[in-house]
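Residue numbers (our numbering): 3 to 161.
Structure record follows, encoded as structure tokens.
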Amino acid sequence: MEKITSFTIDHLQLEPGVYVSRKDTVGAETITTFDLRMTAPNKEPVMNTAEMHTIEHLAATYLRNHEVFGEKTIYFGPMGCRTGFYLLLAGDLTSKDIIPLLISMFEFIRDFKDEVPGASAKDCGNYLDMNLPMANWLANRYLENTLYSIDDAHLVYPE
Numbered sequence: 003m004e005k006i007t008s009f010t011i012d013h014l015q016l017e018p019g020v021y022v023s024r025k026d027t028v029g030a031e032t033i034t035t036f037d038l039r040m041t042a043p044n045k046e047p048v049m050n051t052a053e054m055h056t057i058e059h060l061a062a063t064y065l066r067n068h069e070v071f072g073e074k075t076i077y078f079g080p081m082g083c084r085t086g087f088y089l090l091l092a093g094d095l096t097s098k099d100i101i102p103l104l105i106s107m108f109e110f111i112r113d114f115k116d117e118v119p120g121a122s123a124k125d126c127g128n129y130l131d132m133n134l135p136m137a138n139w140l141a142n143r144y145l146e147n148t149l150y151s152i153d154d155a156h157l158v159y160p161e
């Protein structure tokens with residue numbers, strides 16, 4: 003079997019950033035998959051499931067309610083390696099195109115102090131696995147260390 007594209011990226015060189023992982027065509031529409039890398043693979047500790055689960059609930063809620071990207075949001079969810087998230091959006095987009103969206107989304111997550119949307123037994127299959135304070139902290143870390151000062155080297159996968 004051939005390696006899938008995401009396994010061909012050198013994870014020893016990969017740093018936190020916003021990368022276009024792939025583009026697919028579905029009918030006449032392009033779907034862009036973004037790699038939102040929040041920690042440096044194999045160099046930093048991975049995120050725990052509770053904070054990732056919290057970020058997933060908050061980001062999905064934010065994206066689905068966004069006035070522009072709400073209708074373009076296909077999926078937001080965690081990477082199995084727990085170093086970041088995948089965001090799938092309808093449209094032929096670049097990483098630069100979504101930086102303002104990501105900044106506002108992660109500011110929303112950083113500042114969120116209420117009950118996490120969908121964090122109930124009725125709404126979620128693992129509702130007790132949540133950590134809002136750590137999700138707030140990780141969102142702030144991603145903003146401060148990556149998104150607010152992102153450069154071209156962190157918008158395109160390393161060679």
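Virtual Cβ for every residue (Gly too), placed ideally from N, Cα, C.
Note that the coordinates shown come from a computational prediction; the quantities given were computed from them, not determined experimentally.
Distance, residue j Cα to residue i Cα
i           : j           : result
residue 146 : residue 109 : 10 Å
residue 180 : residue 41  : No answer is possible for residue 180: it lies beyond the span of the chain, which begins at 3 and ends at 161.
residue 33  : residue 6   : 17 Å
residue 121 : residue 129 : 5 Å
residue 67  : residue 75  : 10 Å
residue 148 : residue 84  : 17 Å
Per DSSP, cross-strand counterpart(s) of residue i
i          : result
residue 20 : 38
residue 92 : 33
Proximity of residue i and residue j at Cβ, strictly below 7 Å
i           : j           : result
residue 91  : residue 78  : no
residue 133 : residue 52  : yes
residue 65  : residue 114 : no
residue 24  : residue 35  : yes
residue 56  : residue 137 : yes
residue 71  : residue 95  : no
Contact belief for residue i with residue j at Cβ below 8 Å, rounded distance in angstroms
i          : j           : result
residue 49 : residue 140 : 6 Å
Buried or exposed by the 16-neighbour rule on C-beta atoms within 10 Å, applied to residue i
i           : result
residue 3   : exposed
residue 118 : buried
residue 37  : buried
residue 39  : buried
residue 19  : buried
residue 58  : buried
residue 97  : buried
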